[in-house]
Structures are given as C-alpha cells and as structure tokens.
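Q:
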Amino acid sequence: MKYLKTLLVLIIFGSAFVACEENEISYAFQEISAPTNVTANFEVTQDDSGLVTLTPSGEGAESFKIYWGETTNEDPEIVTPGGSIEHIYAEGEFKVRVVGVGATNLTSEYAQLLTVSFSAPEELKVTIDQSSPDPKLIKVSATAINATLFEVYFGDAEDEEPTQLMPDETIEHIYEATGDYTVRVVAIGASATTLEYTKDIAIAEASGAIALPITFDDPAVNYEGNIDGAFSVVDIQSKGGANNIDTKVGAIENAG
Numbered sequence: 003m004k005y006l007k008t009l010l011v012l013i014i015f016g017s018a019f020v021a022c023e024e025n026e027i028s029y030a031f032q033e034i035s036a037p038t039n040v041t042a043n044f045e046v047t048q049d050d051s052g053l054v055t056l057t058p059s060g061e062g063a064e065s066f067k068i069y070w071g072e073t074t075n076e077d078p079e080i081v082t083p084g085g086s087i088e089h090i091y092a093e094g095e096f097k098v099r100v101v102g103v104g105a106t107n108l109t110s111e112y113a114q115l116l117t118v119s120f121s122a123p124e125e126l127k128v129t130i131d132q133s134s135p136d137p138k139l140i141k142v143s144a145t146a147i148n149a150t151l152f153e154v155y156f157g158d159a160e161d162e163e164p165t166q167l168m169p170d171e172t173i174e175h176i177y178e179a180t181g182d183y184t185v186r187v188v189a190i191g192a193s194a195t196t197l198e199y200t201k202d203i204a205i206a207e208a209s210g211a212i213a214l215p216i217t218f219d220d221p222a223v224n225y226e227g228n229i230d231g232a233f234s235v236v237d238i239q240s241k242g243g244a245n246n247i248d249t250k251v252g253a254i255e256n257a258g
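First residue of the sequence shown? That's 3 in my numbering, and the numbers climb one at a time after it.
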C-alpha cells in the first residue's frame, strides 16, 4: 500500500513538472517573433539644406538599423526605440530602409522612397475616397512633383496635429460625428515653399437597414432605430462565453 502511495505521488509530481515545462516552452516560443508594424516618421527641414530627421517605430523592436540609400553596401546607423536620427541629402531619390531588430535578432523591414528637391512642389493631386461601406471613413492619397511628404488635416479637432502621408501611400481616418469638414493636404519638400489643397466633405449617418442576426459590427447599418434612451455602438468591454472575440455591442443609457 505504501508503495502504491509513493508511486502515485511520483506520477502526480511528474505530471505537474511536465505540464509546467510544456507551459514554459510554449511561452518561450510565443516570445520568439520578429518586430511588427515597423515604420518611420520623416521630417524635412524646409530651408534648402537637405536635412531629414527620421524617427523609427515598431512593436517588439529592441533597436533599428537605418540605411539612407545613398550608397551600396552601406553600414547602417543604429537608433534605439523612441530616438530620432538626422541625415543631410543632396537632391535626388533615395530608398530609405528601416530594419527593426527584436530581442532574438529576428528582423522586420520598412522601405520608403524619399524624394529630396530644392524646387517647390508642383501639380498637387489629392484623392479622397468615401466609397467605403462605413460612411464615417475616408481614405486619402496624394501625389506632387518635388514633394517629399504630405501633411493631412482632417478638420475635426482643435489645434489638430497633421497626419503624415508619404507618396504612394493611402491613409484612413474615421470621423466620430456626422457633419461637414474641410480636409487640407499640404505638399512639403526641401524647399521653403509648400503647396496646399483643400476640399469640403460631408459625413452622413449610417442608413442601412437592420437585419438578423444583429451583430452591431456593420458600420453601414443604423442600429439606433426607435430606442428610448441614449444609444451608441461601442467596443465590447469584457470577453467571455459566446462573446470571446473583439466585437461591437449596443449600449443603451436610460434616464436615471
């Protein structure tokens, strides 16, 4: 009997050890991944100096390698997360590469074609797309000769900080409220002269009909209907049971 008790204890202890070891191995493998969302913000000094300031970012990156694209086989400059680095260009087009390096030396790369010109931007063309099923979502893209980058103002905030838009890129913006807004796009190069574009847009309410099953996840549907109380569609606050994924829910606030 004593032998059986001892054997049972050993089996339980061994099972717990194996389970703990498997969890540790599982967690260790989960941490071995390359950085994600690696990108960079560019600032161009508008004084014909060619000075460019680059600020890299990325989730899970321990450091960033910066390749300025002026020479082949160049040695990268290293930037730590939250830091910025400066570089002076002559006029031309350069492929800038930002390589995010993780704790396990796995890497992810972001590349951007950078145009540096001391001539003023010309022929600014802006596209604002409101064709999405979500009536509060717009997509903005822009092109211009001699432009290094664009700054976009969506017109829905006081003292608004511009959103950076790079050539050949499309950015999205979701308005919180319906109404009329003025979108302003500024083309910026190494020259002190900029070029601007403005357009008035109307953001309408969702007008789609409610259909079963009601999920609150379709931005084109007007879920408010005839409800007594303040109604809004919000992100789910706690997941569990049947609601175990990120989704939207309807919130009703009655007086009192």
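The beta carbon of each residue, even a glycine, is placed where N, CA and C say it ideally should be.
Given the structure is predicted, the values throughout are model-derived calculations rather than measurements.
1) Check whether the stretch 125–144 touches the stretch 89–106, counting contact only when three or more Cβ pairs, one atom from each stretch, lie closer than 8 Å.
2) Keeping to the same chain, check which residues put their C-beta closer than 7 Å to that of P83; ignore five residues upstream and five downstream.
3) In three-state terms, what does DSSP make of A194?
4) Considering only residues of the same chain and omitting the five flanking positions on each side of E79, which have a CB-CB separation below 7 Å?
5) Residues in its own chain within less than 8 Å of L126 by CB, not counting five upstream and five downstream?
6) If we ignore side chains and look at the alpha-carbon of each, how far apart do D182 and E207 end up?
7) Suppose you measure from the CA of A253 to the CA of L167; what does that come to, to the nearest Å?
8) Take V100 as the anchor and find which of K141, A159 and W70 has the nearest alpha-carbon.
9) Assign A42 to buried or exposed, taking buried as 16 or more other Cβ atoms, counted over all protein chains shown, within 10 Å of its Cβ.
10) When burial is assigned at 16 or more other CB atoms within 10 Å of the CB, is G191 buried or exposed?
11) Helix, strand or coil for D77? Go by DSSP, reduced to three states.
12) Based on the DSSP secondary-structure assignment, which residues constitute the bridge partners of K127?
13) Rounded to whole angstroms, what's the CA-CA distance from E255 to T180? Just pull it up for me.
14) Along the beta strand (DSSP E) that carries T55, what are the first and last residues, could you check?
15) Drop a sphere of 10 angstroms on the beta-carbon of T184, count the other beta-carbons inside from all chains shown, and report buried for 16 or more, exposed for fewer.
16) Taking 8 Å as the threshold (C-beta atoms), are E61 and N39 in contact?
17) Pick out whichever of A36, I205 and T109 has its Cα sitting closest to the Cα of D158.
18) If you draw a straight line from the alpha carbon of T109 to that of T55, how long is it in whole angstroms?
19) Nearest-angstrom Cα distance between D131 and T165?
20) Any idea if I140 is buried or exposed, counting beta-carbon neighbours within 10 angstroms, 16 or more meaning buried?
21) If you measure between the beta carbons of F96 and S193, is that distance less than 8 Å?
22) CB-CB under 6 Å to V128, same chain, minus the five flanking residues each way: which ones, in chain order?
23) Between G94 and the ligand COA, is the CB less than 7 Å from at least one heavy atom?
A: A quick look at the data gives this:
1) no
2) For the purposes of this step, residue 83 is taken as the residue at position 81 of the sequence shown. A63.
3) As a first step, residue 194 is located in the sequence shown; it is residue number 192 there, counting from the start. Correct three-state label for A194: coil.
4) The residue given as residue 79 occupies position 77 in the sequence shown. I68 and I87.
5) Along the sequence shown, one-based indexing puts residue 126 at 124. Only A144, T145, A146, A149, V187, A189, L197, E198 and Y199 meet the Cβ criterion.
6) Numbered from its first residue, the sequence shown carries residue 182 at position 180. Numbered from its first residue, the sequence shown carries residue 207 at position 205. Using only the alpha carbons, I get a separation of about 12 Å.
7) Here residue 253 refers to the residue found at position 251 when the sequence shown is read from its first residue. Here residue 167 refers to the residue found at position 165 when the sequence shown is read from its first residue. Straight-line Cα distance between these residues: approximately 35 Å.
8) In the sequence shown, residue 100 corresponds to position 98, counting from 1. Comparing Cα-Cα distances from V100 to each of K141, A159 and W70, the minimum goes to W70.
9) In the sequence shown, counting from the first residue as 1, residue 42 sits at position 40. Its Cβ being crowded by 16 or more others within 10 Å, A42 is buried.
10) What you label residue 191 is simply residue 189 of the sequence shown in a count that begins at 1. Per the 10 Å Cβ criterion, buried.
11) Counting from one through the sequence shown, the residue named residue 77 turns up at place 75. Three-state DSSP puts D77 in coil, outside helix and strand.
12) As a first step, residue 127 is located in the sequence shown; it is residue number 125 there, counting from the start. Its beta-bridge partners are T145.
13) Along the sequence shown, one-based indexing puts residue 255 at 253. Along the sequence shown, one-based indexing puts residue 180 at 178. The straight-line gap from Cα to Cα measures roughly 21 Å.
14) Residue 55 sits at position 53 when you count from the first residue of the sequence shown. L53 to E61 is the extent of the beta strand (DSSP E) around T55.
15) On the sequence shown, residue 184 is found 182 positions in, with the first residue counted as 1. Exposed, since its Cβ has fewer than 16 Cβ neighbours within 10 Å.
16) Taking the sequence shown and counting its residues from 1, the one referred to as residue 39 is at position 37. Taking the sequence shown and counting its residues from 1, the one referred to as residue 61 is at position 59. Against a cut-off of 8 Å, the Cβ pair of E61 and N39 comes out as a contact.
17) Along the sequence shown, one-based indexing puts residue 158 at 156. The residue with the shortest Cα to Cα distance from D158 is I205.
18) As a working note, residue 109 is residue 107 in the sequence shown. As a working note, residue 55 is residue 53 in the sequence shown. Taking the straight line joining both Cα atoms gives about 22 Å.
19) Within the sequence shown, numbered from 1, the residue matching residue 131 stands at position 129. Within the sequence shown, numbered from 1, the residue matching residue 165 stands at position 163. Spanning the two alpha carbons is a distance of roughly 17 Å.
20) Translated into positions along the sequence shown, residue 140 becomes position 138. With 16 or more other Cβ atoms within 10 Å, it is buried.
21) In the sequence shown, the residue the question calls residue 96 occupies position 94. In the sequence shown, the residue the question calls residue 193 occupies position 191. For F96 and S193, no; Cβs fall outside 8 Å.
22) Within the sequence shown, the letter at position 126 stands for residue 128. Excluding positions up to five away in sequence, the list reads A144, V187 and Y199.
23) The ligand content of the structure shown is nil, which means the ligand COA is not present either.
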